[in-house]
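See structure below.
Protein chains: 2
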Amino acid sequence: MQERKKIAIIGVGLIGGSMALQLHEKKLSAALLGVENNPEHAAQALELELVDEIVDLDKAISLSEVIIIAIPVNWINQLLPAILDKIDQQIVLDLGSTKSEMLQAVKHHPKRGRYVATHPMWGREYSGPAAAVRDGFENRAVVICDSADSDKDALHWVRNMYQKIGMHIIEMEGKAHDLHAAYISHVSHITSFALANTVLEKEKEEQAIFEMASGGFESTVRLAKSHPGMWVPIFLQNRHHVLDVLREHIVQLQKFETSLENNDEQALKKLIEDANRIRRIIK
Amino acid sequence: MQERKKIAIIGVGLIGGSMALQLHEKKLSAALLGVENNPEHAAQALELELVDEIVDLDKAISLSEVIIIAIPVNWINQLLPAILDKIDQQIVLDLGSTKSEMLQAVKHHPKRGRYVATHPMWGREYSGPAAAVRDGFENRAVVICDSADSDKDALHWVRNMYQKIGMHIIEMEGKAHDLHAAYISHVSHITSFALANTVLEKEKEEQAIFEMASGGFESTVRLAKSHPGMWVPIFLQNRHHVLDVLREHIVQLQKFETSLENNDEQALKKLIEDANRIRRIIK
């Protein structure tokens with residue numbers, strides 16, 4: 014039997030709150046302490062019983078055995094070295110959607126071994142503690158990066174925890190993670206934001222769109238409801254890869270534009286047949 | 014009680030097959046005749062019991078009281094006038110994703126009144142009779158266009174049929190339909206095809222993508238599995254509106270590109286906040 018641990022969650026929003034629900038559900042936590050700067054979110058997190066108590070960061074660090082950082086990636090970069098400065102033998106992990114910059118920020122930190130860099134590949138377009146759900150992470154992938162730089166015991170606990178909450182673990186370098194994440198997550202969000210802006214810019218008859226909106230529209234535009242506080246830092250931290258993919262995406266859209274301008278049936282057919290090969294990758 | 018009718022379905026694929034399942038389920042059909050040029054699809058449609066019998070077009074027309082055309086929009090343009098040439102008092106409707114060109118093709122036809130132009134706003138990324146589902150149309154919108162040009166009895170039957178299968182009816186002109194459909198359906202598909210091509214072009218490590226692929230990626234790229242035989246004719250028939258929306262979409266993506274190039278946090282935040290207003294339109 015695995016010993017339950019006292020766990021602090023820094024940032025009790027959608028991701029931290031959903032993680033708290035899972036840690037309790039899977040009997041991984043002996044106590045759940047929340048650190049939350051937004052007073053409204055702090056009150057909600059208590060009311061929804063996501064955590065047992067809201068405390069300040071220093072108290073959370075001193076009272077816990079595991080510290081889980083679930084805040085926007087720009088804040089992780091700043092807070093992670095400060096937390097490593099203060100810990101003794103606690104395990105520290107983050108749940109951020111980028112990995113390279115924060116790994117760089119603590120690369121030579123004397124407590125680097127206590128840190129495990131992770132990215133559970135799940136999210137929703139809603140944010141805050143009220144958006145937390147119990148089963149979000151289940152059957153999804155989690156990426157653990159540069160694990161050779163983490164202490165064995167820390168890595169062991171984190172791996173076991175993710176398996177217990179139903180995730181399958183992929184390991185890769187932080188740089189490889191950021192490249193792949195640009196493809197499978199970051200640019201999808203830009204596409205969706207841009208599509209929403211296209212509709213809002215050009216289409217004045219919102220009522221007609223609202224009534225007609227089909228499943229196809231909803232699934233491509235759904236992500237456009239996502240919060241700028243989370244996504245601006247992700248795009249900026251991963252801007253090299255995101256820009257690379259985004260430029261290619263614009264080129265691909267321009268191929269459709271040109272084919273349509275030329276009324277070129279064969280070219281359109283070829284572009285769509287090429288795209289159909291995505292069936293190899295997603296079921 | 015509504016009298017059941019003998020119904021012919023021209024094209025027993027995803028859409029025609031799903032419609033057949035609903036017509037039977039809601040006790041709207043006394044008989045279901047299928048017309049299907051693809052021998053494999055014809056055999057599947059019989060095996061799956063989507064229709065009672067596969068017959069040729071002339072027999073279908075002579076034996077039925079209602080003729081439902083569920084084939085790609087380029088074929089509808091050609092077949093619709095030929096069908097109106099041959100009917101007596103049958104009701105004819107189509108389920109195509111564009112409306113202007115086919116409405117134009119039969120505008121002055123002496124049997125124009127027997128035709129009702131419709132677009133049930135539902136689809137899937139899979140095609141063929143095996144992809145047909147029983148409840149696809151339920152709780153979706155159906156657009157009926159230029160209904161003043163349809164005979165009252167034909168319109169009455171079609172409206173009642175769509176209500177019985179659980180759709181809510183919107184009426185508008187064919188031209189307005191094609192404009193709105195470009196926004197809420199056609200360009201979403203181009204975005205998805207182009208995103209798939211972006212990934213397939215640039216990302217060599219397909220296994221990593223496959224393993225990491227999250228809900229966000231799946232929902233934006235799902236549509237890229239859609240069939241060129243259906244979508245090329247839609248894009249070409251609606252190319253004026255599709256090009257207009259696609260060009261705006263590229264402009265919107267270029268705003269993200271510029272903001273990223275400039276590392277402009279405020280501009281990115283503004284773009285995402287603007288996109289968040291889509292919450293007004295989709296739940």
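Protein chains in written order, with this note's numbering: chain A, 14 to 296; chain B, 14 to 296. Think of the CB as a built atom: it goes at the ideal place given N, C-alpha and C, for glycine as much as any other residue.
Assumed close pair Ala189 of chain B, Asn251 of chain B - CB separation to whole angstroms, cut-off 8 Å: Translated into positions along the second sequence, residue 189 of chain B becomes position 176. Translated into positions along the second sequence, residue 251 of chain B becomes position 238. Not quite, the Cβ-Cβ distance comes to about 12 Å (not below 8 Å), so this is no contact.
Does any C-beta atom of chain A lie closer than 8 Å to the C-beta of Arg172 of chain B? Start at 1 with the first residue of the second sequence, and residue 172 of chain B comes out as number 159. It does not: the Cβ of Arg172 of chain B has no partner Cβ on chain A nearer than 8 Å.
In angstroms, rounded to a whole number, what distance separates the CA positions of Ala226 of chain A and Glu218 of chain A? Against the first sequence, residue 226 of chain A aligns to sequence position 213. Against the first sequence, residue 218 of chain A aligns to sequence position 205. Looking at the two C-alpha atoms, the distance is approximately 12 Å.
When you compare the CB of Asn51 of chain B with every CB in chain A, is at least one pair closer than 8 Å? Mapped onto the second sequence, residue 51 of chain B falls at position 38. Answer no: the Cβ-Cβ gap between Asn51 of chain B and chain A never drops below 8 Å.
Using a Cβ cut-off of 7 Å, pull out every chain D residue sitting near Tyr196 of chain A, in sequence order please. No chain D appears in the structure shown, which is made up of the protein chains A and B.
In this structure, how does DSSP classify Leu106 of chain A when only helix, strand and coil are distinguished? Translated into the one-based positions of the first sequence, residue 106 of chain A becomes position 93. In the structure shown, Leu106 of chain A adopts extended strand secondary structure according to DSSP, grouped into three states.
Give the single residue among B:His254, B:Met243 and B:Lys40 whose Cα lies nearest to the Cα of Asn289 of chain A. Residue mapping note: residue 289 of chain A aligns to position 276 of the first sequence, counting from 1. Answer by Cα proximity: B:Met243.
Going by DSSP, what residue range makes up the beta strand (DSSP E) through Val156 of chain A? The residue given as residue 156 of chain A occupies position 143 in the first sequence. It spans Ala154 to Cys158 - the beta strand (DSSP E) in which Val156 of chain A sits, taken as one unbroken run.
Could you check whether the Cβ of Pro241 of chain A sits closer than 8 Å to any Cβ belonging to chain B? Sequence index remark: in the first sequence, residue 241 of chain A carries index 228 (1-based). Residue-level contact check: Pro241 of chain A touches chain B, since one or more beta carbons of chain B fall below 8 Å from its beta carbon.
Selection from A:Gln102, A:Val68, A:Asn87 and A:Glu66 that minimises the alpha carbon distance to Phe248 of chain A: Position 235 of the first sequence holds residue 248 of chain A. With distances taken between Cα atoms, Phe248 of chain A lies closest to A:Asn87.
Does the beta carbon of Gln35 of chain A come closer than 8 Å to any beta carbon on chain B? Translated into the one-based positions of the first sequence, residue 35 of chain A becomes position 22. Judged by the 8 Å Cβ criterion, Gln35 of chain A is not in contact with chain B.
At least one CB of chain B closer than 8 Å to the CB of Leu27 of chain A: is that the case? By 1-based counting over the first sequence, the position of residue 27 of chain A is 14. It does not: the Cβ of Leu27 of chain A has no partner Cβ on chain B nearer than 8 Å.
Own chain residues within Cβ distance below 8 Å of Ile74 of chain A, not counting five before or after: For the purposes of this step, residue 74 of chain A is taken as the residue at position 61 of the first sequence. Cβ within range, chain order: Ala21, Ile80, Ile96, Lys99, Ile100 and Gln103.
From Ala167 of chain A to Gln35 of chain B, what distance separates their C-alpha atoms? Translated into positions along the first sequence, residue 167 of chain A becomes position 154. Translated into positions along the second sequence, residue 35 of chain B becomes position 22. About 56 Å.
Rank A:Val156, A:Lys120 and A:Ala207 by C-alpha distance to the C-alpha of Gly109 of chain A and give the top, closest one. Taking the first residue of the first sequence as 1, we reach residue 109 of chain A at position 96. Of the residues A:Val156, A:Lys120 and A:Ala207, the one whose Cα lies closest to the Cα of Gly109 of chain A is A:Val156.
Do Asp71 of chain B and Leu93 of chain B come within 8 Å of each other at the CB atom, strictly closer than that value? Counting from 1 along the second sequence, the entry for residue 93 of chain B is found at position 80. Counting from 1 along the second sequence, the entry for residue 71 of chain B is found at position 58. With respect to Asp71 of chain B, Leu93 of chain B sits apart: the two C-beta atoms are not nearer than 8 Å.
Kindly indicate if chain B contains any beta-carbon less than 8 Å away from that of Ser140 of chain A. Stepping through the first sequence from its first residue, residue 140 of chain A is reached at position 127. For Ser140 of chain A, the nearest beta carbon of chain B is not closer than 8 Å to its own beta carbon.
Use the C-beta contact count for Pro241 of chain A: other C-beta atoms within 10 angstroms, 16 or more gives buried, fewer gives exposed. Position 228 of the first sequence, counted from the first residue, corresponds to residue 241 of chain A. Of the residues assessed, Pro241 of chain A falls on the buried side of the cut-off, its CB having 16 or more other CB atoms within 10 angstroms.
Under the three-state reduction of DSSP, which class applies to His122 of chain A: helix, strand or coil? Here residue 122 of chain A refers to the residue found at position 109 when the first sequence is read from its first residue. Looking at His122 of chain A - three-state DSSP - the assignment turns out to be coil, as it is neither helix nor strand.
Ala143 of chain B CB to nearest chain A CB: under 8 Å? Translated into positions along the second sequence, residue 143 of chain B becomes position 130. Ala143 of chain B does not count as touching chain A.
From this set, B:Phe269, B:Glu186, B:Thr271 and B:Val119, which residue's C-alpha is nearest Cys158 of chain B's C-alpha? Residue mapping note: residue 158 of chain B aligns to position 145 of the second sequence, counting from 1. Scanning B:Phe269, B:Glu186, B:Thr271 and B:Val119 for the CA closest to the CA of Cys158 of chain B turns up B:Glu186.
Enumerate in chain order the residues of its own chain whose CB-to-CB distance from Glu138 of chain A is below 6 Å, with the five nearest sequence positions on each side excluded. Position 125 of the first sequence, counting from 1, holds the residue named residue 138 of chain A. Here the set comprises Arg235, Leu236, Lys238 and Ser239.
Cα-Cα separation between Met32 of chain A and Lys19 of chain A, rounded to whole angstroms: On the first sequence, position 19 is the one that residue 32 of chain A refers to. On the first sequence, position 6 is the one that residue 19 of chain A refers to. Here the alpha carbons of Lys19 of chain A and Met32 of chain A stand approximately 14 Å from one another.
Going by C-alpha to C-alpha distance, which of B:Val105, B:Ala280 and B:Val25 sits closest to Glu66 of chain B? The residue you call residue 66 of chain B lines up with position 53 of the second sequence. B:Val25 is the residue among B:Val105, B:Ala280 and B:Val25 whose C-alpha sits nearest the C-alpha of Glu66 of chain B.
I want to see whether chain A comes within less than 8 Å of Leu116 of chain B, judged by CB atoms only; does it? Taking the second sequence and counting its residues from 1, the one referred to as residue 116 of chain B is at position 103. No, no contact with chain A.
Beta-carbon spacing of Ser198 of chain A, Gly229 of chain B below 8 Å: Position 185 of the first sequence holds residue 198 of chain A. Position 216 of the second sequence holds residue 229 of chain B. With contacts defined by Cβ atoms closer than 8 Å, Ser198 of chain A and Gly229 of chain B form a contacting pair.
Boundaries (first-last residue) of the beta strand (DSSP E) holding Ala48 of chain A: The residue you call residue 48 of chain A lines up with position 35 of the first sequence. The identity of residue 48 of chain A in the sequence shown is Val, whereas the question assumes Ala. Per DSSP, Val48 of chain A is one residue of the beta strand (DSSP E) stretching across Ser42 to Val48.
In DSSP terms, what Ile67 of chain A is bridged to: If you number the first sequence from 1, residue 67 of chain A lands on position 54. DSSP lists A:Gly47 as the bridge partner or partners of Ile67 of chain A.
His240 of chain A - DSSP class collapsed to helix/strand/coil: Taking the first residue of the first sequence as 1, we reach residue 240 of chain A at position 227. In the structure shown, His240 of chain A sits in coil (DSSP, three-state: anything other than H, G, I, E or B).
Residues near His37 of chain A by beta carbon distance below 7 Å, same chain, minus five either side: Here the question's residue 37 of chain A lines up with position 24 in the first sequence. Cβ within range, chain order: Leu45.
Going by alpha carbons, who is nearest to Ile295 of chain B out of A:Lys283, A:Asn276 and A:Ile222? Taking the first residue of the second sequence as 1, we reach residue 295 of chain B at position 282. Measuring from the Cα of Ile295 of chain B, the nearest candidate turns out to be A:Ile222.
Looking at Ile263 of chain A: is its Cβ nearer than 8 Å to the Cβ of Gln265 of chain B? Sequence index remark: in the first sequence, residue 263 of chain A carries index 250 (1-based). Sequence index remark: in the second sequence, residue 265 of chain B carries index 252 (1-based). In this structure, Gln265 of chain B does not lie closer than 8 Å to Ile263 of chain A by Cβ.
By Cβ distance below 6 Å, which residues in the same chain neighbour Ser272 of chain B in space, the five residues on each side in sequence not counted? Stepping through the second sequence from its first residue, residue 272 of chain B is reached at position 259. Closer than 6 Å at Cβ, skipping near neighbours: Ala280 and Leu281.
Based on Cα-Cα distance, which residue from A:Leu76, A:Asp69 and A:Lys112 lies nearest to Pro85 of chain A? As a working mapping, residue 85 of chain A is identified with position 72 in the first sequence. Cα-wise, what sits closest to Pro85 of chain A is A:Lys112.
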